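Participant:
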Amino acid sequence: MALLSETTPLRRKKNKMYRDHWADRLDLLQRGVDVSRKCIKENPDYGPCYRSYVICATRESEALYYWKSLTGLGLVENYKAIVRRGNQGMALMPSDPDIPNALGALCARCAYHWYEPSRLYSLFYGLPSRKVLLDQSIQYHKKACENDPNNLEYACRLAQAYYQRGDMANARRWYVRVRDEMPPQHLDDEVWQGLAHTQLATAFMKTQWNVPFA
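In terms of the UniProt record's numbering, the sequence shown is residues 1 to 214.
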């Protein structure tokens, strides 16, 4: 179970045009979900089982449909099951940052606008409104940042959730913290610092018309 849950999210597609590689990865994710579900059934009070289930189920749901325009539908279909297991895992492992981070990303991915066609699909499955989902995403990401305050990825995802919610003050504050105040812990942390810098340089700028002859 540990091998599947730890290695599956790190696996990358060798060629995006090959369906067989996508199918192999989906099969591996399904094995991780099955093993995690069996672990939960046999050990209902063991927190790592829920952590592995949430990670594998979220990844599998996102990869459930091959076409890029349908990637969010798998998350909508399995939203309630993943959130239920995730909340149980958080109760058993209150200091774990991975579960709330995955749940926060799940809520944000399912928060469709009212005019998007996928919103009708989410209403069919009984998902909350976009506002409620983004509020839940913020709470989950805040929990992840509390459990791992030095993780740049968690802080950047919290800033993204605030930005999508429309809370520009908190979004800017967390982006500045990622870019200027948090030292990199891993080699890939420069990616999150670069993302924070790009957002601060572009997303908060007021657009102006460039009319040279006005």
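C-beta: ideal position from N, C-alpha, C; glycine also. These numbers were taken from a predicted model, which means no experiment stands behind them.
Look up Q185 in the DSSP assignment and say whether it is helix, strand or coil.
Facilitator: Coil, per DSSP.
Participant: To which residues of the same chain is S95 closer than 8 angstroms at the C-beta, ignoring the five residues directly before and after it?
Facilitator: Hits under 8 angstroms: N147.
Participant: Taking 8 angstroms as the CB-CB limit, is L195 close to chain C?
Facilitator: Among the protein chains of the structure shown there is no chain C, as only one such chain exists.
Participant: Thinking just about the alpha-carbon of each residue, which of K131, L29, T198, D135 is nearest to the one in V178?
Facilitator: Nearest option by C-alpha distance: T198.
Participant: Please report how far the alpha carbon of A171 lies from the alpha carbon of E181, in whole angstroms.
Facilitator: Whole-angstrom Cα-Cα distance: 15 angstroms.
Participant: Return the residue from the list V35, Q164, I40 that minimises the CA-CA distance to R84.
Facilitator: The candidate whose alpha carbon is nearest that of R84 is I40.
Participant: Whole angstroms are fine: how far does the CA of N43 sit from the CA of L133?
Facilitator: If I take the Cα positions, the gap works out to 30 angstroms.
Participant: Hey, I138 and L152: beta-carbon distance below 8 angstroms or not?
Facilitator: No, they are not a contact pair.
Participant: Where are the alpha helix (DSSP H) runs, 4 residues long or more, that stay fully inside the segment 112-145, in chain order?
Facilitator: DSSP runs (the alpha helix (DSSP H)) wholly in the segment 112-145: 117-124.
Participant: According to DSSP, is A63 part of a helix, a strand, or is it coil?
Facilitator: Coil, per DSSP.
Participant: Determine whether the beta carbon atoms of R51 and D98 lie at a separation below 8 angstroms.
Facilitator: Result yes, Cβ atoms of R51 and D98 sit closer than 8 angstroms.
Participant: Is T202 buried or exposed, if buried means 16 or more other CB atoms sit within 10 Å of its CB?
Facilitator: T202 comes out exposed.
Participant: Taking buried to mean at least 16 other C-beta atoms within 10 Å of its own C-beta, is H113 buried or exposed?
Facilitator: Exposed, because fewer than 16 other Cβ atoms sit within 10 Å of the Cβ of H113.
Participant: Which residue's Cα is closest to the Cα of E190: Y53, C156, L92, R119?
Facilitator: If we check each option's Cα against that of E190, C156 comes out closest.
Participant: Can you tell me whether DSSP reads Y163 as helix, strand or coil?
Facilitator: Here Y163 sits in helix by DSSP.
Participant: Between the Cα of C145 and the Cα atoms of A161, F124, D167, which residue gives the shortest distance?
Facilitator: Of the candidates A161, F124, D167, the one whose C-alpha sits nearest the C-alpha of C145 is A161.
Participant: Assuming contact is defined by CB atoms lying nearer than 8 angstroms, are L73 and S118 in contact in what I supplied?
Facilitator: Yes, Cβ-Cβ distance for L73 and S118 is below 8 angstroms.
Participant: DSSP state of S69, grouped into three classes?
Facilitator: Residue state, collapsed to three classes: helix.
Participant: Could you check the C-alpha separation between L26 and Y46 for me, to the nearest Å?
Facilitator: Each residue's alpha carbon lies about 25 angstroms from the other.
Participant: Applying the criterion that 16 or more other CB atoms from any shown protein chain within 10 Å of the CB defines a buried residue, is H186 buried or exposed?
Facilitator: Under this definition H186 is an exposed residue.
Participant: What is the DSSP secondary structure of P149, counted as helix, strand or coil?
Facilitator: In the structure shown, P149 sits in coil (DSSP, three-state: anything other than H, G, I, E or B).
Participant: Cα separation between N78 and W174?
Facilitator: C-alpha separation (whole angstroms): 30 angstroms.
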